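Enquirer: Heads up, the sequence shown stops at 318 in our numbering, and the numbers go up one at a time, no gaps.
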Amino acid sequence: MPWNRRHLLTLEDLSLAEIDQIHATAAAFKKILGRSVKKVPALRGKTIVNLFLEPSTRTRISFEMAAKRLSADVISFDAASSSTTKGETLRDTAQNIQALNADLIVLRHSASGSPLYLSRVLDIPVVNAGDGAHEHPTQGLLDTFTMREHLGSLRGRKVVILGDILFSRVARSNIHALVKLGAAVTLVGPSTLVPDWFTALGAKVSHDLKSALADAEVVMLLRIQHERQSSSHFPSLGEYTGMFGLNQTRAGWLNPKAIIMHPGPINRGVEIDSDLADGPRSVILEQVTNGIAVRMAVLYLCSGGQPEAVTTNAT
Ligand code: CP
4 MPWNRRHLLT LEDLSLAEID QIHATAAAFK KILGRSVKKV PALRGKTIVN
54 LFLEPSTRTR ISFEMAAKRL SADVISFDAA SSSTTKGETL RDTAQNIQAL
104 NADLIVLRHS ASGSPLYLSR VLDIPVVNAG DGAHEHPTQG LLDTFTMREH
154 LGSLRGRKVV ILGDILFSRV ARSNIHALVK LGAAVTLVGP STLVPDWFTA
204 LGAKVSHDLK SALADAEVVM LLRIQHERQS SSHFPSLGEY TGMFGLNQTR
254 AGWLNPKAII MHPGPINRGV EIDSDLADGP RSVILEQVTN GIAVRMAVLY
304 LCSGGQPEAV TTNAT
């Protein structure tokens, strides 16, 4: 099946076949990342602009590395160094980047729907690097890629997402991908942060940590997204940790082979204890590493590349 999508805006509107194509392309690109020359010429001559108007460590560096591994020219800038601080609109900023002959824009923005908006006013592809509490599609893709590396097929596998689901774009993207991949997804946390209406996305909702974690093969922790909350959704961080923080005792309820995931940034001692985040079951840093190959696949495909045409010959 040819790839014919120019933008990556959400995982909600991706098909299972498209997720499979991205993962297969990422697996091919991952092979070059272990070589001494970690570069292919797939996007030579293209210019990618990373427009990050919200803070980021992992996603921004990962997109930049992915573009460089594909031999693209890459320009990254953030809110503090852009003319948005002088009142320029997102639309004007993006249209100027397009006028400077950029070939693709990667956008992180606090407003849900901003990548969709840009995709409608620009002629070049737009990749969503996280929009408000809406979606973080490349994070969902790299998380499910990492799960598949460890578990193989996700069909019927019990995956628990624990924490602040309500304000999490990572949770939404993962739910959409995992449901399409056939996983049995349980969302758990306080009822204020895990409302029942999430069942409409195809996941189970639970407020009972012990039964939710029982026999789970994957647990993904999410931090409390204070920056998106206008009021407190639980009495105190200490109380949250006491009821829902992952510690050694609670990790003992998981399937013995379960992997522990977190998209980062971690708040150690709040949603997860350090000995688990750094322990043998943690794949947190593998997620980060896989982000490069997955973002290479997304940049390549949205730039007009075809999955079957991937070449891993060095530059
Ligand atoms: N996981 C994630 O999006 O991290 P950053 O905010 O550091 O990019």
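Beta carbons are placed, not taken as given, at the ideal position from N, Cα and C, and that holds for glycine.
Quick caveat, the model's predicted, so the values are computed rather than measured.
Please list the segments of the beta strand (DSSP E) lying wholly inside the stretch 187–212, counting only runs of 3 or more residues, in order along the chain.
Expert: 187–191 and 207–209
Enquirer: Does the beta carbon of T13 fall short of 7 Å from some heavy atom of ligand 1?
Expert: no
Enquirer: With distances taken Cα to Cα, identify the nearest neighbour of I22 among T189, K161, N177 and P259.
Expert: When only C-alpha atoms are compared, the closest one is N177.
Enquirer: Indicate, with yes or no, if ligand 1 has a heavy atom lying under 7 Å from the CB of P140.
Expert: no
Enquirer: Taking 8 Å as the threshold, find out whether the stretch 54–70 comes into contact with the stretch 80–99 through three or more Cβ pairs.
Expert: Touching, per the Cβ criterion.
Enquirer: Who are K161's beta bridge partners in DSSP?
Expert: A187
Enquirer: In chain order, what residues of the same chain lie with their CB nearer than 6 Å to the CB of R172, ignoring the 5 residues before and after it?
Expert: G133, A136, H137, E138 and H139
Enquirer: Could you give the distance in angstroms between the alpha-carbon of G343 and the alpha-carbon of V273?
Expert: Since the first residue shown for the chain is 4 and the last is 318, residue 343 is missing from the structure and cannot be characterised.
Enquirer: How big is the Cα-Cα spacing for F237 and I227?
Expert: 10 Å
Enquirer: Check whether the stretch 110–125 touches the stretch 260–269, counting contact only when three or more Cβ pairs, one atom from each stretch, lie closer than 8 Å.
Expert: no
Enquirer: Is N293 buried or exposed, if buried means 16 or more other CB atoms sit within 10 Å of its CB?
Expert: buried
Enquirer: Given the structure, does S59 come close to ligand 1, in the sense that its CB is under 7 Å from one of the ligand's heavy atoms?
Expert: yes
Enquirer: Could you name the residues that DSSP lists as bridge partners for R111?
Expert: F55
Enquirer: Could you give the uninterrupted runs of the beta strand (DSSP E) lying entirely in the stretch 257–304, keeping only those of 3 residues or more?
Expert: 262–264
Enquirer: Quick one: what does DSSP say G255 is sitting in, helix, strand or coil?
Expert: Residue state, collapsed to three classes: coil.
Enquirer: Whose CA, out of S65, I164, V124 and I275, lies closest to the CA of A300?
Expert: S65
Enquirer: Find the nearest neighbour of K49 within the set K41, G37 and A69, judged by alpha-carbon distance.
Expert: A69
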